[in-house]
Every structure is written in structure tokens, then in C-alpha cells.
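>
4 protein chains.
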Amino acid sequence: MIAPRVAEGFARQGFAAHLGLQLQFADAGRCVIGCDFAPGLTQHMGMFHAGVLTTMADNACGFAALTLMPEGRDVVSVEFKVNFLRPARGARAVATGTVLKPGRTLSICRADVEVLDDAGAPTLAATMLATMMAVE
Amino acid sequence: MIAPRVAEGFARQGFAAHLGLQLQFADAGRCVIGCDFAPGLTQHMGMFHAGVLTTMADNACGFAALTLMPEGRDVVSVEFKVNFLRPARGARAVATGTVLKPGRTLSICRADVEVLDDAGAPTLAATMLATMMAVE
Amino acid sequence: MIAPRVAEGFARQGFAAHLGLQLQFADAGRCVIGCDFAPGLTQHMGMFHAGVLTTMADNACGFAALTLMPEGRDVVSVEFKVNFLRPARGARAVATGTVLKPGRTLSICRADVEVLDDAGAPTLAATMLATMMAVE
Amino acid sequence: MIAPRVAEGFARQGFAAHLGLQLQFADAGRCVIGCDFAPGLTQHMGMFHAGVLTTMADNACGFAALTLMPEGRDVVSVEFKVNFLRPARGARAVATGTVLKPGRTLSICRADVEVLDDAGAPTLAATMLATMMAVE
Numbered sequence: 026m027i028a029p030r031v032a033e034g035f036a037r038q039g040f041a042a043h044l045g046l047q048l049q050f051a052d053a054g055r056c057v058i059g060c061d062f063a064p065g066l067t068q069h070m071g072m073f074h075a076g077v078l079t080t081m082a083d084n085a086c087g088f089a090a091l092t093l094m095p096e097g098r099d100v101v102s103v104e105f106k107v108n109f110l111r112p113a114r115g116a117r118a119v120a121t122g123t124v125l126k127p128g129r130t131l132s133i134c135r136a137d138v139e140v141l142d143d144a145g146a147p148t149l150a151a152t153m154l155a156t157m158m159a160v161e
Numbered sequence: 026m027i028a029p030r031v032a033e034g035f036a037r038q039g040f041a042a043h044l045g046l047q048l049q050f051a052d053a054g055r056c057v058i059g060c061d062f063a064p065g066l067t068q069h070m071g072m073f074h075a076g077v078l079t080t081m082a083d084n085a086c087g088f089a090a091l092t093l094m095p096e097g098r099d100v101v102s103v104e105f106k107v108n109f110l111r112p113a114r115g116a117r118a119v120a121t122g123t124v125l126k127p128g129r130t131l132s133i134c135r136a137d138v139e140v141l142d143d144a145g146a147p148t149l150a151a152t153m154l155a156t157m158m159a160v161e
Numbered sequence: 026m027i028a029p030r031v032a033e034g035f036a037r038q039g040f041a042a043h044l045g046l047q048l049q050f051a052d053a054g055r056c057v058i059g060c061d062f063a064p065g066l067t068q069h070m071g072m073f074h075a076g077v078l079t080t081m082a083d084n085a086c087g088f089a090a091l092t093l094m095p096e097g098r099d100v101v102s103v104e105f106k107v108n109f110l111r112p113a114r115g116a117r118a119v120a121t122g123t124v125l126k127p128g129r130t131l132s133i134c135r136a137d138v139e140v141l142d143d144a145g146a147p148t149l150a151a152t153m154l155a156t157m158m159a160v161e
Numbered sequence: 026m027i028a029p030r031v032a033e034g035f036a037r038q039g040f041a042a043h044l045g046l047q048l049q050f051a052d053a054g055r056c057v058i059g060c061d062f063a064p065g066l067t068q069h070m071g072m073f074h075a076g077v078l079t080t081m082a083d084n085a086c087g088f089a090a091l092t093l094m095p096e097g098r099d100v101v102s103v104e105f106k107v108n109f110l111r112p113a114r115g116a117r118a119v120a121t122g123t124v125l126k127p128g129r130t131l132s133i134c135r136a137d138v139e140v141l142d143d144a145g146a147p148t149l150a151a152t153m154l155a156t157m158m159a160v161e
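Structure follows, in C-alpha cells:
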């Protein structure tokens, strides 16, 4: 299930396409973004770059928030904080964003980013706590 | 001035090349990273994506910290928080990272990201507060 | 269940006594701290002050981390981030800290702070994401 | 110089009085809060508790933001992040909050907390990055 306005907003992001992000799910305060490993996404040790995991988590939080906003609103990131928990080495990364507290103006969201190995076994690599804002 | 080990670490990042990041300066607890605007770096309103600004700020903080660490150490991001202050519309973004508190294990860093218009006038678009860790 | 070294560390905090914090539980990567409402704990609108909720969450994270550290270690707060989700009006506040990722040096923790009304019904008032460090 | 509405809001905080916080300055996007050391303000090693430094920084950010808001508005903390840079051992703590970006709804602020030794020499002990919100 992907809410149409999320699909539309996601598709307008040049950066999501440049990274190869995939919108897997977006509805009812929840959004899942996936991304396959590629050499262009690495930090200096060959793992997923913190910037990739953060971009995925930011997308997952923002679009999770958008699913709960009135039609006609857009969403922007006010701020976020990310902790990197484990080395992000794997074949694919998946960010799952959830709205902790929806609001007319501000929505507080959390995202977890897991990295999957070749067999699909997940490791929690990063977690984000974010503030999103509705704009007209 | 660019400390050799920073240049080497920066060059090993596939993601930095994929975004077109440029290492402008890295020495004595300070690092500057630049990036020209491109359609592949945009969010859904056509501005620099939060993920691009964050990646630049993370790089600026991490490599600023690396310049103050003993030789042979590497640096990883423990966590960071970013506030987005103004719309990031412009021709170029520049992130300047500074070490607030160097440490044997942890270094606390700040980065400001400015966006420059066509005439080169800067606007402060984002600010990061980050914890970096030295690893062997 | 309260791990003895947590009880001992908690009791050494002059600030916990000054606020009337109560150590309810501390074991196996989890810690719960309670506090009854009092006029000396209010912000300017008469609710629990953000500083009280934060102190409770910081304690809950730190002592949750301590339960998983080798004996003889102490714990200090490297950094934390807190989001305030709802007005903290109530008869009692309860912070529950959990270790997301234990580590030899750094432990990443989360805490939720609920405020209970007179009937004991909880409202999630704040959530923290924190980095704790083991020291000798 | 202390803006009257800041003095009034500060005085309504039961928690500020309970800690012995002193409002030193509040005007034009800047606020300074001081606090003398006392045994009731300590963490388990006898230094200023992280919760005290955070409360001071939160106050300094919030009231700095209030000085730039239209009359009749009140301010609440949306979220903040604090890094603890050095052991907070000293005779007095002073938090200085500054507005980085004022806004009609949200204001982004920074605060530094210094601890002064008996001779008045300052050490930067903590730094905060905060999001404050105007409410009617």
C-alpha cells in the first residue's frame, strides 16, 4: 500500500532516484524505504555511508508523517538526530519510519534502519528521532 | 591545506564521489566540504535534499575530528543531530566542520552548512552537532 | 529488582534526592524512575518542567546501561536528545530506559517518559535517544 | 537588561526556584542563566548533574527565543539535544542561549553552558541545539 501523494512526493526527489531508493510502503503513519547496496553508496570502509542511512530514515519519517496530514499539505524536515549502532555492511538497507505523535503543525517520528545480509538476515544499523513540519 | 590522511579517507568514499562532494580544506580541527547543485541532489521541492546537507556536514565533522587524532586512527560517526534552518535553494552548498572538544576516544564537533546563490551570497541552511569516535 | 550498584549510584546523586526521584527498577538493560508531582518541579504553565522529565530520562538511560556493563565501571552521559510530545500535566511521571545497543565503551539507549493522571492513566510526554559511556 | 515578559515567565517556574537558577540577562535573542553549586544539584560523582546543566540550557534557549517573539506569545520546548563536553566541576554554572534562526512558529537556538571554578575561570561543559515553538 502506498498513499498516492507519498508516491508523487517521493517521485519528485531527484536525490532518491540518484541513490536508487525504493518506496516500499506508505500508509497510516508508517513508511518503508529500501535501497540495494552499490559502490556509489559507501563510506571509506566500504559500508553504507551514514548519509545514505540518514537520507533513507529522513524519507521514511517524512513520508510517514505525510500520510497523517490533511490533503494539500507538504512536509519538511525541521530536525533529526541519528545514532549509528552497528557497522552497516550488507546487501540491502531498509528504513522503517513511524509517527510517534502526529500533529497539525509538528509530527514527531522515529525510524529504524536495518541492513540485510545476503541471506536477508537483518541488523539494526541506525535509529532516528525526527521532527517534521506540515507546510501549505 | 588538506591533511594527507583526510584526502586519502575522503577519496575512499564512493558516496562522496557519487554526490560530487569536494574536499576544500582539512587541517587543525577544521574541515570544509563543497558541492555544486545538480538535479540529482534535490528533495521534492527542487532544493538541496536534507540528506545531501547532512552528508556534507557529517563529512566535515568527521574529517575535522580526524585531523586532531593520532596517526593510524580512523573515525566513525557515533551520532549527529541536524537542524534545517532555511530553504536550501542555491547554486552551491558549503559545509564547515569544527571540533568543539577533541578527545582520545570521542570528539564533539559542530558543522554549519551554507547555501550560496549565483552571486555567491551565503545563507545558513543547516547546523549539525555531532559525536565522532576514533577507531583503530 | 534493583541491581545493587545502580542503587548505590542512584543514592549518591544529590539531584535525584532534591527532585524526589524514586528508583523503581534496574536490571538487564532496563531502568524505571518515578517522580510525584510537586510545585517545585513546574515550568511556567504549572506542568512538569522539561528539565525534570529530561533528568528522569537521563537517569533511566544511564542506569539501564550500567546494568549491562562489567563490574567496576561507572557511566557518564555523552549526549542525549529529547522530544517533548505532549503537555506533561499529571500526578506522577515515570521514565523507562532501555538499552538499544550495549557496548564495551558506548551504549545507545532510549527512554520514554509517561505522565500519569490521578487515575493512573498514562500519556507519553517525552522520548529520549541517548549515548552513554563506560568509564573506569 | 531583562525583558519584562521573560522575568515574568521565569518567575512562574517552580523548578527554577527549586534549583536556585538566576536570570542574568534576556534581550534581543540572547539569555543568560546562572546557578551556584549546591549539594542538591550533583550527579553521583559530585559534579553538576547533567539535568541541571540541561535545565539551564533549555531555559536560556527558550527565553532567548521569547525575546524575539510577538507580545502575547508563550514558548515551549519542542526538542533539544545536549552534548556534555567536560566534567562539570565548579563553583557556578552559566548558560548562554542564542537564537540562531528566529521564526514565527519555530525558533532554532543554541546554548553553551560553562562551569566556573573558584577563581571564576570558565570551562565549556555542555552545548545544546534546540527547537522552540511559539504558542498563543
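Protein chains in written order, with this note's numbering: chain L, 26 to 161; chain X, 26 to 161; chain R, 26 to 161; chain W, 26 to 161. For each residue, glycine too, the CB sits at the ideal point set by N, CA and C.
Identify every residue that forms a DSSP beta bridge with R/E104.
DSSP, once it has assigned bridges, lists R/T156, W/N108 as partnering R/E104.
> Identify, in the order they occur along the chain, each residue of the same chain with its Cβ nearer than 7 Å to the Cβ of X/S102, setting aside the five sequence neighbours on each side.
Excluding sequence neighbours, X/S102 sits near D83, G87, A155, M157.
> Alpha carbons only, please: which of W/T92, W/R114, W/H69 is nearest the one belonging to W/M26?
It is W/T92 whose Cα lies nearest to the Cα of W/M26.
> Given 8 Å as the limit, is there contact between the segment 31-39 of chain W and the segment 30-45 of chain R, that is, 3 or more CB pairs closer than that?
Touching, no, given that fewer than three Cβ pairs across the two stretches are closer than 8 Å.
> In the DSSP assignment, what residue or residues form a beta bridge with R/L66?
Its beta-bridge partners do not exist; DSSP assigns none.
> Quick one: grab the DSSP three-state call for W/L48.
W/L48 falls in the strand class under three-state DSSP.
> How far does the alpha helix (DSSP H) with R/T80 in it reach, from first residue to last?
Per DSSP, R/T80 belongs to the alpha helix (DSSP H) from 75-91.
> From X/L131 to R/A159, what does the alpha carbon distance come to, in whole angstroms?
The straight-line gap from Cα to Cα measures roughly 12 Å.
> Starting from the beta carbon of L/E104, find every residue of chain W whose beta carbon is closer than 9 Å, and list them in chain order.
What L/E104 touches in chain W: V103, E104, K106, I133, L154, T156.
> Could you run through the segment 65-92 of chain X and flag, in chain order, every residue whose CB is less than 7 Å away from some CB of chain L?
Listed by position along the chain: G65, L66, T67, Q68, H69, H74, A75, G76, V77, T79, T80, D83.
> Distance, Cα to Cα, L/T152 vs R/I133?
Going by the C-alpha atoms only, they are around 10 Å apart.
> Let's test the definition: count the other Cβ atoms within 10 Å of the Cβ of R/D137 and tell me whether it reaches 16, buried, or not, exposed.
Counting Cβ neighbours within 10 Å, R/D137 comes out buried, since at least 16 surround it.
> Whole angstroms is fine: what's the gap from W/F50's alpha carbon to W/E139's?
About 15 Å.
> So that I know if they touch, is there some Cβ in chain L lying closer than 8 Å to that of R/L110?
Yes, contact with chain L.
> 8 Å is my cut-off, CB to CB: does W/L46 come that close to chain X?
False, the Cβ-Cβ gap to chain X never drops below 8 Å.
> Can you list the residues of chain L that R/L125 reaches, using a CB-CB cut of under 8 Å?
Chain L residues near R/L125: N108, L110, L149, T152.
> In chain R, which residues lie less than 9 Å from X/T121 when you measure between Cβ atoms?
Ordered by position in chain R, no residue passes the 9 Å Cβ test against X/T121, which lies about 21 Å from the chain.
> Applying a beta-carbon distance threshold of less than 7 Å, which residues of chain X neighbour L/R37?
Ordered by position in chain X, the residues that pass the 7 Å Cβ test against L/R37 are H69.
> Taking CB distances under 8 Å as the criterion, tell me whether W/G34 reaches chain R.
So, interface residue.
> In chain X, which residues lie less than 8 Å from L/F40 when you measure between Cβ atoms?
Near L/F40 (Cβ distances below 8 Å), the residues of chain X are G65, L66, T67, Q68, H74, G76, V77.
> Look at the alpha carbon of R/R117 and the alpha carbon of L/G122, and state the distance between them as a whole number of angstroms.
C-alpha separation (whole angstroms): 30 Å.
> Using the DSSP secondary-structure output, state which residues sit across from R/P147 in a beta bridge.
R/P147 is bridged to R/L141.
> Assuming L/V119 contacts L/G39 under a Cβ cut-off of 8 Å, what Cβ separation, rounded to an integer in Å, is found between them?
Not confirmed; about 22 Å, so no contact.
> DSSP has R/L123 in a bridge; who is on the other side?
Per the sequence shown, residue 123 of chain R should be read as Thr rather than Leu. Per DSSP, R/R55, R/R135.
> Can you give the Cα-Cα distance for X/G97 and X/R30, rounded to whole angstroms?
One C-alpha to the other measures close to 9 Å.
> Where does L/A118 fall in DSSP's three states?
It is a strand residue.
> Could you compute how far the alpha carbon of W/G76 sits from the alpha carbon of R/F105?
Roughly 11 Å between the two C-alpha positions.
> How big is the Cα-Cα spacing for L/L78 and R/F109?
Taking the straight line joining both Cα atoms gives about 25 Å.
> Going by beta carbon distance, what residues of the same chain come within less than 6 Å of L/P127, once the five residues before and after it are set aside?
If we look at L/P127 and ignore the five residues flanking it on each side, its Cβ neighbours are L93.
> Out of R/V124, R/R111, R/V57, which has the shortest C-alpha to C-alpha gap to R/T80?
It is R/V57.
> Judging by CA-CA distance, which residue of X/G54, X/Q47, X/E161, X/A150 is the nearest neighbour of X/V107?
If we check each option's Cα against that of X/V107, X/A150 comes out closest.
> Would you report the Cα separation of W/G145 and X/A90, rounded to the nearest angstrom?
When rounded, the distance between both Cα atoms is 30 Å.
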